[in-house]
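Residues in the sequence shown are numbered consecutively from 1, following my numbering. Scroll down for the structure; my scribbles are underneath it.
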Amino acid sequence: MSFVESFVEINGCRIRLLRGGSGAPLLYLHGANGVAGVQPFMLKLAERFDVWIPEHPGFGQSDEPQWLENIHDLAYFYLDFMRHFKLSKAHVLGSSIGGWLALEMAVRDTSRMASLALIGPSGIRTPGVQPGDVFVWSPEELIRNTFHDRAIAERLLATPPTPEQQETLIKNRFTFARLAWEPRLFDPHLNKWIKRIDLPTQIIWGEQDRILPVAAAQAFREAMPQAAITVIPDCGHLPQSEKPDAFCDTLFKFLSGK
Numbered sequence: 001m002s003f004v005e006s007f008v009e010i011n012g013c014r015i016r017l018l019r020g021g022s023g024a025p026l027l028y029l030h031g032a033n034g035v036a037g038v039q040p041f042m043l044k045l046a047e048r049f050d051v052w053i054p055e056h057p058g059f060g061q062s063d064e065p066q067w068l069e070n071i072h073d074l075a076y077f078y079l080d081f082m083r084h085f086k087l088s089k090a091h092v093l094g095s096s097i098g099g100w101l102a103l104e105m106a107v108r109d110t111s112r113m114a115s116l117a118l119i120g121p122s123g124i125r126t127p128g129v130q131p132g133d134v135f136v137w138s139p140e141e142l143i144r145n146t147f148h149d150r151a152i153a154e155r156l157l158a159t160p161p162t163p164e165q166q167e168t169l170i171k172n173r174f175t176f177a178r179l180a181w182e183p184r185l186f187d188p189h190l191n192k193w194i195k196r197i198d199l200p201t202q203i204i205w206g207e208q209d210r211i212l213p214v215a216a217a218q219a220f221r222e223a224m225p226q227a228a229i230t231v232i233p234d235c236g237h238l239p240q241s242e243k244p245d246a247f248c249d250t251l252f253k254f255l256s257g258k
C-alpha cells in the first residue's frame with residue numbers, strides 16, 4: 001500500500017501531507033519526532049483506512065507560521081483542516097504531543113470525528129508522576145529513552161543524520177518547545193474541559209515508557225472514565241513503531257467495536 005506525498009495550503013499555511021489507503025478516514029497526528037517517512041504501522045493502517053498524515057505547521061517541510069504560539073493554535077488549525085477537506089466521521093489517532101493535540105481538538109468540536117485513539121498522550125498532569133525531561137536530554141539520550149528495545153535505539157544511533165535531517169531535527173525541537181515548554185507537556189485548563197469529549201476513546205501506552213511513564217494513565221482514567229486503556233508490555237514511548245503488530249491489533253479491535 002503506497003502513500004502519496006503532496007503539499008496543501010490551509011489558511012495560508014503550506015504543510016506536507018502523506019495520504020494512502022481506502023476506507024473510512026483516519027487522521028494521524030504525529031508526536032515531537034515529526035514524520036520522517038512511512039512506517040510499517042502506517043502501511044497496516046492503510047490496509048483498512050484512508051490514512052491522512054499531515055506534518056504539523058512548524059515541523060519538517062511544513063511552514064513555520066507566525067501565528068503558531070501554543071497547542072490551542074494547532075488544534076484550531078486541524079479543525080480547519082478537517083473542514084477544508086470535508087472529513088467526516090474520521091478516526092483521530094494521536095501520538096504523544098499528537099495525542100494532546102487530539103484532545104484539544106475534541107474538547108472544542110467532535111462533529112467531524114468518529115473516535116479518538118491516543119498513544120502515550122501528554123496534555124494533562126498526574127500528581128506525583130514526573131515526565132522525562134526531553135528538553136534537557138541530549139539527542140542520543142532522547143533516542144535511547146524513547147525505546148525499550150535497546151537494539152532499536154542503537155540501530156538508529158548507528159546512522160548519523162545528514163545535514164538536512166539535522167536541520168529538520170532542530171526545527172522540530174524548536175516547535176515542540178514552543179508548544180510544550182511551559183508548562184511542561186500539559187495544559188492546566190484541559191482537565192476541566194475533557195468531560196466534553198463524547199467519543200469512543202482508546203488509550204494505548206507502552207509499559208516501559210520513560211518519556212511519559214505509564215503511571216500517568218491514572219489521570220486519563222479519572223478524567224475519561226469511559227476510555228479503554230491498554231498497556232503494551234516490553235515497550236517504550238512509541239508502541240506503533242516498537243510493537244506495530246500489538247499496537248495495530250489493539251487499535252483495530254477498538255475501531256471494529258469488538
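A virtual CB, placed ideally from N, CA and C, is assigned to each residue, including glycine. Small disclaimer: the values here were computed from a predicted structure and weren't measured.
Kindly identify the DSSP beta-bridge partner or partners of residue i.
{"i": "W205", "result": "V231"}
{"i": "E5", "result": "L18"}
{"i": "S115", "result": "H91"}
{"i": "G123", "result": "F186"}
{"i": "C13", "result": "I10"}
By the DSSP assignment, the alpha helix (DSSP H) with residue i in it spans what residues?
{"i": "L179", "result": "P163 to A180"}
{"i": "A75", "result": "I71 to H84"}
{"i": "L101", "result": "I97 to R108"}
{"i": "D300", "result": "What is shown of the chain runs 1 to 258, which leaves residue 300 out entirely."}
{"i": "I44", "result": "Checking the sequence, you will find Lys at residue 44 rather than Ile. Looking at the DSSP string, the run of the alpha helix (DSSP H) that includes K44 is P40 to A46."}
{"i": "I197", "result": "Run containing I197: none; DSSP gives neither H nor E here."}
{"i": "P261", "result": "This structure cannot settle anything about residue 261, because the visible part of the chain is limited to 1 through 258."}
{"i": "L68", "result": "It is not in any alpha helix (DSSP H) - L68 carries neither H nor E in the DSSP assignment."}
In angstroms, rounded to a whole number, what distance separates the CA positions of residue i and residue j?
{"i": "R48", "j": "Q240", "result": "16 angstroms"}
{"i": "L27", "j": "G20", "result": "11 angstroms"}
{"i": "F85", "j": "S122", "result": "27 angstroms"}
{"i": "F7", "j": "H91", "result": "22 angstroms"}
{"i": "R144", "j": "D209", "result": "11 angstroms"}
{"i": "F41", "j": "R184", "result": "29 angstroms"}
{"i": "T175", "j": "G58", "result": "6 angstroms"}
{"i": "L190", "j": "N33", "result": "23 angstroms"}
{"i": "A177", "j": "Q218", "result": "25 angstroms"}
{"i": "L169", "j": "G60", "result": "8 angstroms"}
{"i": "I25", "j": "P65", "result": "According to the sequence displayed, residue 25 carries Pro and not Ile. Between P25 and P65, the C-alpha separation is close to 26 angstroms."}
{"i": "E140", "j": "R155", "result": "12 angstroms"}
{"i": "T159", "j": "D245", "result": "25 angstroms"}
{"i": "L142", "j": "A153", "result": "9 angstroms"}
{"i": "P54", "j": "R16", "result": "6 angstroms"}
{"i": "L68", "j": "L179", "result": "8 angstroms"}
{"i": "R14", "j": "D63", "result": "6 angstroms"}
{"i": "P188", "j": "I124", "result": "7 angstroms"}
Among residues of its own chain, excluding the 5 on either side of residue i, which ones have a beta-carbon nearer than 7 angstroms to its beta-carbon?
{"i": "A75", "result": "L101, E104, M105 and R108"}
{"i": "V129", "result": "P213, A215 and A216"}
{"i": "S2", "result": "G20"}
{"i": "H72", "result": "E104"}
Within the present structure, is the beta-carbon of residue i separated from the nearest heavy atom of the ligand ZN by less than 7 angstroms?
{"i": "P200", "result": "Although the ligand ZN was asked about, the structure shown includes no ligands whatsoever."}
Span of the beta strand (DSSP E) holding residue i?
{"i": "F49", "result": "F49 to P54"}
{"i": "A24", "result": "A24 to L29"}
Report all residues from its chain with a CB closer than 8 angstroms to the CB of residue i; omit the five preceding and five following residues, and keep chain order.
{"i": "R221", "result": "A227 and I229"}
{"i": "G206", "result": "G120, H148, V214, V231, I232, C235, G236, H237, L238, P239, E242 and K243"}
{"i": "N11", "result": "F77 and D80"}
Got a sec? Which residues, its chain only, sit under 6 angstroms from residue i by beta carbon, not counting five neighbours each side?
{"i": "E5", "result": "L18"}
{"i": "S115", "result": "H91, L199 and P200"}
{"i": "I204", "result": "I119, T230, P239 and T250"}
Query raised in the report: Pairing CB atoms from the region 228 to 239 with CB atoms from the region 148 to 157, are three or more of them under 8 angstroms?
Result: yes
Requested in this report: Evaluate the contact criterion for the region 160 to 172 versus the region 73 to 88: three or more CB pairs, one atom per stretch, below 8 angstroms.
Outcome: no
Query - Touch test, the region 188 to 203 against the region 127 to 136, Cβ-Cβ under 8 angstroms, three pairs minimum - result: no
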